[in-house]
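Asker:
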Amino acid sequence: MDMLDPEVDLDVPAEAEELKAAGSRPPPVNSDYLPLPWKGRLGYACLCTYLRNSNPPVFSSRTCRIASILENRHPLKDPAQPPHPTKNRPDRDQSPDIARGEAYVQALGLANVRDTIKMLRWNDRYGIRFMRLSSEMFPFASHLEYGYRLAPFASEVLAELGQVAAELGHRVSVHPGQFTQLGSPRREVIENSIRDLEYHAELLSLLNLPTQQDRDAVMILHMGGSFGDKPATLKRFEEVYKTISKDIKKRLVLENDDVNWTVHDLLPVCEKLNIPLVLDYHHHNINFDADKIREGTLDIMSLYSRIKATWTKKGITQKMHYSEPTPSAITKMQRRKHNPRVQMLPPCDPAMDLMIEAKDKEQAVFDLMRTYKLPGFEKINEVIPHTRPSPAEDGLDMGGPEGRVYWPPGMEHWLRPEKRIVKRKTENGTPGPKKRTRAKTKVMMAESEEELVIQAKPARKKASKTRAKKS
Numbered sequence: 001m002d003m004l005d006p007e008v009d010l011d012v013p014a015e016a017e018e019l020k021a022a023g024s025r026p027p028p029v030n031s032d033y034l035p036l037p038w039k040g041r042l043g044y045a046c047l048c049t050y051l052r053n054s055n056p057p058v059f060s061s062r063t064c065r066i067a068s069i070l071e072n073r074h075p076l077k078d079p080a081q082p083p084h085p086t087k088n089r090p091d092r093d094q095s096p097d098i099a100r101g102e103a104y105v106q107a108l109g110l111a112n113v114r115d116t117i118k119m120l121r122w123n124d125r126y127g128i129r130f131m132r133l134s135s136e137m138f139p140f141a142s143h144l145e146y147g148y149r150l151a152p153f154a155s156e157v158l159a160e161l162g163q164v165a166a167e168l169g170h171r172v173s174v175h176p177g178q179f180t181q182l183g184s185p186r187r188e189v190i191e192n193s194i195r196d197l198e199y200h201a202e203l204l205s206l207l208n209l210p211t212q213q214d215r216d217a218v219m220i221l222h223m224g225g226s227f228g229d230k231p232a233t234l235k236r237f238e239e240v241y242k243t244i245s246k247d248i249k250k251r252l253v254l255e256n257d258d259v260n261w262t263v264h265d266l267l268p269v270c271e272k273l274n275i276p277l278v279l280d281y282h283h284h285n286i287n288f289d290a291d292k293i294r295e296g297t298l299d300i301m302s303l304y305s306r307i308k309a310t311w312t313k314k315g316i317t318q319k320m321h322y323s324e325p326t327p328s329a330i331t332k333m334q335r336r337k338h339n340p341r342v343q344m345l346p347p348c349d350p351a352m353d354l355m356i357e358a359k360d361k362e363q364a365v366f367d368l369m370r371t372y373k374l375p376g377f378e379k380i381n382e383v384i385p386h387t388r389p390s391p392a393e394d395g396l397d398m399g400g401p402e403g404r405v406y407w408p409p410g411m412e413h414w415l416r417p418e419k420r421i422v423k424r425k426t427e428n429g430t431p432g433p434k435k436r437t438r439a440k441t442k443v444m445m446a447e448s449e450e451e452l453v454i455q456a457k458p459a460r461k462k463a464s465k466t467r468a469k470k471s
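With UniProt numbering, the residue at position 338 of the sequence shown is 338, and numbering never jumps.
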């Protein structure tokens with residue numbers, strides 16, 4: 001199964017045969033129904049671009065390498081002083097302690113949870129009440145050798161996160177990664193997958209949410225690879241599903257994907273095993289059963305009642321996923337890449353929850369709110385380029401009294417300080433030579449020839465000839 005991060009800045013080349021096949025693709029047939037007035041919750045996944053670019057940054061994916069865990073098993077050279085990357089590092093000459101290394105990685109997780117609390121409060125200010133929690137919140141928690149339970153060390157801070165979500169009426173969910181596959185033919189993959197699901201289930205359980213919010217805190221899972229035999233893969237999935245814990249079963253939700261598993265493939269097994277099915281519109285438009293329905297949002301609506309029943313049977317508020325391909329996408333591979341924003345609301349139940357899976361995260365939600373004048377849109381105003389409102393409220397940049405948190409498409413650099421001016425002169429007053437900088441930095445002479453303008457230049461990612469594999 002080809003792996004392609006749908007939100008990465010990656011130009012996917014197209015072969016002649018792919019272009020020819022794409023040219024013969026029938027146009028999609030879409031419904032003109034709009035779910036207005038909107039009564040549900042719009043959400044985004046894991047990261048708030050506005051807060052990620054604040055100072056200090058607010059985010060929930062702090063992580064490390066296993067080598068760092070091993071290094072931090074050793075005490076600091078000067079235990080009386082705080083750690084420092086050069087002046088006070090772990091002393092490898094002293095005896096290691098496994099608990100010390102574990103405490104190091106757990107501290108990263110606690111910081112991630114505290115920042116997630118900040119994100120929920122920020123979201124609430126601007127009418128966003130649905131968020132996917134980062135699976136990276138607790139680094140290596142489900143690792144076979146370096147993993148750890150979240151209780152008791154994280155119980156208190158997770159309960160605080162749950163209390164905030166409960167008070168604000170927010171929905172949270174998680175989406176374990178692509179390597180978590182319960183239908184794999186490899187026993188090692190199955191064991192790793194179950195361990196990962198147990199970690200996610202514990203995380204959600206420790207939130208101590210009220211009954212309905214706890215029920216709505218689901219774990220979205222892809223079936224994964226088909227391994228050349230879909231019936232055999234489904235059979236393995238069913239057998240494994242019977243053995244997993246009740247904590248996992250009550251939260252597990254299956255999602256159609258854009259390579260192997262269509263809605264028609266998954267709906268029967270979801271109905272059989274009492275598993276909710278989340279419809280991903282973007283995946284469906286790329287991968288669907290062409291013998292039964294056409295591409296687009298119209299024909300899939302004939303399955304809405306069956307899909308909804310998989311949710312109502314368990315008393316869970318239904319959710320769907322929505323994203324759009326980039327405008328220039330032609331081939332199937334190119335269409336898998338998500339557009340940074342979305343232009344439309346899909347023809348769904350206006351009372352359900354909708355996860356917007358777009359690279360620009362909360363900004364994509366803001367675009368929909370502004371386009372359709374959804375509740376709270378009037379609070380959202382455009383940022384002043386390279387300027388942050390001051391002061392921050394409760395230590396958190398809320399966008400100031402005018403709510404300046406929206407940046408137009410392509411203008412994310414407006415969230416960061418303006419490019420720095422560095423004055424450099426030689427002893428005789430003439431401009432000095434250009435200074436060699438790191439690979440991602442571009443150095444240019446200023447107009448006065450007495451200043452250097454150092455401007456960050458993002459690294460350009462190139463598509464591999466072989467293309468990465470996606471499960």
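Idealized CB from N, CA, C, for every residue including glycine.
#1: Below 6 Å CB to CB, which residues in the same chain sit around TYR406 once its five sequence neighbours on both sides are set aside?
#2: DSSP three-state call for ILE356: helix, strand or coil?
#3: Does any heavy atom of the ligand HEM sit closer than 6 Å to the C-beta of LEU234?
#4: Could you check how far apart the C-beta atoms of SER60 and ASN112 are, in whole angstroms? I think they sit under 8 Å.
#5: Buried or exposed: which applies to GLY40, given that a residue is buried once 16 or more other Cβ atoms fall within 10 Å of its Cβ?
#6: Looking at C-alpha atoms only, which residue of GLU362, PRO375, GLY376, LEU267 is the closest neighbour of PRO408?
#7: Under the three-state reduction of DSSP, which class applies to CYS377: helix, strand or coil?
#8: Closest to VAL253 by CA distance: which of HIS321, LEU110, SER24 is it?
#9: Let me know the secondary structure DSSP gives TYR33 once reduced to three states.
#10: Look up ALA45 in the DSSP assignment and say whether it is helix, strand or coil.
#11: If you draw a straight line from the C-alpha of GLU191 to the C-alpha of CYS48, how long is it?
#12: Output the boundary residues of the alpha helix (DSSP H) element that contains VAL405.
#13: Spatial neighbours of ILE286 within its chain, please: C-beta separation below 7 Å, excluding the five flanking residues on both sides.
#14: Would you say LEU42 and LEU354 are within 7 Å of each other, going by their C-beta atoms?
#15: Which runs of the beta strand (DSSP E) at least 3 residues long sit entirely within the segment 162-213? Give them in chain order.
#16: For a minimum of 4 consecutive residues, which ranges assigned as the alpha helix (DSSP H) are wholly contained in the segment 98-134?
#17: Fully enclosed by the segment 206-267, which beta strand (DSSP E) runs are 3 residues long or longer?
#18: GLU202 and LEU150 look like a contact to me (Cβ under 8 Å); what is the Cβ gap, rounded to whole Å?
#19: What number of angstroms, rounded off, separates the C-alpha of ILE66 from the C-alpha of LYS77?
#20: To the nearest angstrom, how far is the alpha carbon of PHE227 from that of THR233?
#21: Where does VAL157 fall in DSSP's three states?
#22: To the nearest angstrom, report how far apart GLN178 and ASN260 are at their CA atoms.
#23: From which residue to which residue does the alpha helix (DSSP H) around HIS282 run?
#24: How about GLU307 and ASP299: are their beta carbons less than 7 Å apart?
#25: Pick out the complete beta strand (DSSP E) segments inside the segment 293-347, 3 residues or longer, and give them in chain order.
#26: Measuring only the C-alpha atoms, how far is ARG370 from TYR199?
#27: Just reading off the alpha helix (DSSP H) that GLU15 is part of, what are its end residues?
#28: When the Cβ atoms of the segment 168-177 are set against those of the segment 122-129, are three or more pairs found closer than 8 Å?
#29: Whole angstroms are fine: how far does the CA of ARG62 sit from the CA of LYS442?
#30: Kindly indicate which three-state DSSP category GLU136 falls into: helix, strand or coil?
#31: Are the Cβ atoms of HIS74 and GLN94 separated by less than 7 Å?
#32: Considering only the beta carbon of each residue, do SER31 and THR262 sit closer than 7 Å?
#33: Under the DSSP definition of a beta bridge, which residues are partnered with ASN53?
#34: What separation, rounded to the nearest whole angstrom, lies between the Cα atoms of ARG195 and VAL189?
#35: Could you pull the start and end residues of the alpha helix (DSSP H) that ASP367 belongs to?
#36: Within this structure, are the beta carbons of GLU357 and SER390 separated by less than 7 Å?
Answerer: Let me lay it out:
#1: In the sequence shown, the residue the question calls residue 406 occupies position 406. Contacts found: PHE366, ILE380, GLU382.
#2: The sequence position of residue 356 within the sequence shown is 356, counting from 1. Strand.
#3: The model depicted lacks the ligand HEM and carries no ligand whatsoever.
#4: What you label residue 60 is simply residue 60 of the sequence shown in a count that begins at 1. What you label residue 112 is simply residue 112 of the sequence shown in a count that begins at 1. About 4 Å; that satisfies the 8 Å criterion.
#5: The sequence position of residue 40 within the sequence shown is 40, counting from 1. Residue environment analysis places GLY40 among the buried positions, since at least 16 neighbouring C-beta atoms fall within 10 angstroms of its C-beta.
#6: In the sequence shown, the residue the question calls residue 408 occupies position 408. Among GLU362, PRO375, GLY376, LEU267, the Cα nearest to that of PRO408 belongs to GLU362.
#7: Along the sequence shown, one-based indexing puts residue 377 at 377. Here the sequence assigns Phe to residue 377, which means Cys is not the residue at that position. Looking at PHE377 - three-state DSSP - the assignment turns out to be helix.
#8: The sequence position of residue 253 within the sequence shown is 253, counting from 1. Looking at the Cα atoms, HIS321 is the closest of the given residues.
#9: Locating residue 33 in the sequence shown gives position 33, where the first residue counts as 1. Secondary structure of TYR33 (DSSP, three-state): coil.
#10: If you number the sequence shown from 1, residue 45 lands on position 45. If DSSP states are grouped into helix, strand and coil, ALA45 belongs with the strands.
#11: Numbered from its first residue, the sequence shown carries residue 191 at position 191. Numbered from its first residue, the sequence shown carries residue 48 at position 48. Going by the C-alpha atoms only, they are around 33 Å apart.
#12: Here residue 405 refers to the residue found at position 405 when the sequence shown is read from its first residue. Here VAL405 belongs to no alpha helix (DSSP H); instead the beta strand (DSSP E) covers 404-406.
#13: If you number the sequence shown from 1, residue 286 lands on position 286. Only ASP258, LYS332, ARG335, ARG336 meet the Cβ criterion.
#14: In the sequence shown, the residue the question calls residue 42 occupies position 42. In the sequence shown, the residue the question calls residue 354 occupies position 354. Yes, the Cβ-Cβ distance between LEU42 and LEU354 is below 7 Å.
#15: The segment 162-213 contains, as complete beta strand (DSSP E) runs of 3+ residues, the segments 171-173 (chain order).
#16: The DSSP assignment places 98-125 as complete runs of the alpha helix (DSSP H) inside the segment 98-134, in order along the chain (cut-off: 4 residues).
#17: If one requires a minimum length of 3 residues, the beta strand (DSSP E) runs lying completely within the segment 206-267 are 219-222, 252-255, in chain order.
#18: Translated into the one-based positions of the sequence shown, residue 202 becomes position 202. Translated into the one-based positions of the sequence shown, residue 150 becomes position 150. Contact between GLU202 and LEU150 holds: their C-beta atoms lie close to 5 Å from each other, under 8 Å.
#19: Along the sequence shown, one-based indexing puts residue 66 at 66. Along the sequence shown, one-based indexing puts residue 77 at 77. The alpha-carbon atoms of ILE66 and LYS77 are separated by roughly 20 Å.
#20: Position 227 of the sequence shown, counted from the first residue, corresponds to residue 227. Position 233 of the sequence shown, counted from the first residue, corresponds to residue 233. The alpha-carbon atoms of PHE227 and THR233 are separated by roughly 7 Å.
#21: Counting from 1 along the sequence shown, the entry for residue 157 is found at position 157. VAL157 carries a helical assignment under DSSP once its states are collapsed to helix, strand and coil.
#22: Along the sequence shown, read from residue 1 onward, the residue named residue 178 stands at position 178. Along the sequence shown, read from residue 1 onward, the residue named residue 260 stands at position 260. If you draw a straight line from the Cα of GLN178 to the Cα of ASN260, it comes to about 13 Å.
#23: On the sequence shown, position 282 is the one that residue 282 refers to. From DSSP, the alpha helix (DSSP H) with HIS282 extends over 281-286.
#24: Against the sequence shown, residue 307 aligns to sequence position 307. Against the sequence shown, residue 299 aligns to sequence position 299. Inspection of the sequence shows that residue 307 is occupied by Ile rather than by Glu. No, the Cβ-Cβ distance between ILE307 and ASP299 is not below 7 Å.
#25: Every unbroken stretch of the beta strand (DSSP E) spanning 3 or more residues and falling wholly within the segment 293-347 is given here in chain order: 319-322.
#26: Indexing the sequence shown from 1 puts residue 370 at position 370. Indexing the sequence shown from 1 puts residue 199 at position 199. Going by the C-alpha atoms only, they are around 37 Å apart.
#27: Walking along the sequence shown from the start, residue 15 turns up at place 15. Looking at the DSSP string, GLU15 is not in any alpha helix (DSSP H), and its letter there is neither H nor E.
#28: Taking one beta carbon from each stretch, the segment 168-177 and the segment 122-129 have 3 or more pairs nearer than 8 Å; the two touch.
#29: Along the sequence shown, one-based indexing puts residue 442 at 442. Along the sequence shown, one-based indexing puts residue 62 at 62. A caution first: LYS442 carries a pLDDT of 44, below 50, which makes its placement in the model too unreliable to give a value.
#30: Taking the first residue of the sequence shown as 1, we reach residue 136 at position 136. It is coil, neither helix nor strand.
#31: As a position in the sequence shown, residue 74 is number 74, starting the count at 1. As a position in the sequence shown, residue 94 is number 94, starting the count at 1. Yes, they are a contact pair.
#32: For the purposes of this step, residue 31 is taken as the residue at position 31 of the sequence shown. For the purposes of this step, residue 262 is taken as the residue at position 262 of the sequence shown. No Cβ-Cβ contact shorter than 7 Å links SER31 with THR262.
#33: Residue mapping note: residue 53 aligns to position 53 of the sequence shown, counting from 1. According to DSSP, which records beta bridges pairwise, ASN53 is partnered with nothing at all.
#34: Residue mapping note: residue 195 aligns to position 195 of the sequence shown, counting from 1. Residue mapping note: residue 189 aligns to position 189 of the sequence shown, counting from 1. Taking the straight line from one Cα to the other gives about 10 Å.
#35: Against the sequence shown, residue 367 aligns to sequence position 367. Here the alpha helix (DSSP H) through ASP367 covers 362-372.
#36: By 1-based counting over the sequence shown, the position of residue 357 is 357. By 1-based counting over the sequence shown, the position of residue 390 is 390. Taking 7 Å as the Cβ cut-off, GLU357 and SER390 do not qualify as a contacting pair.
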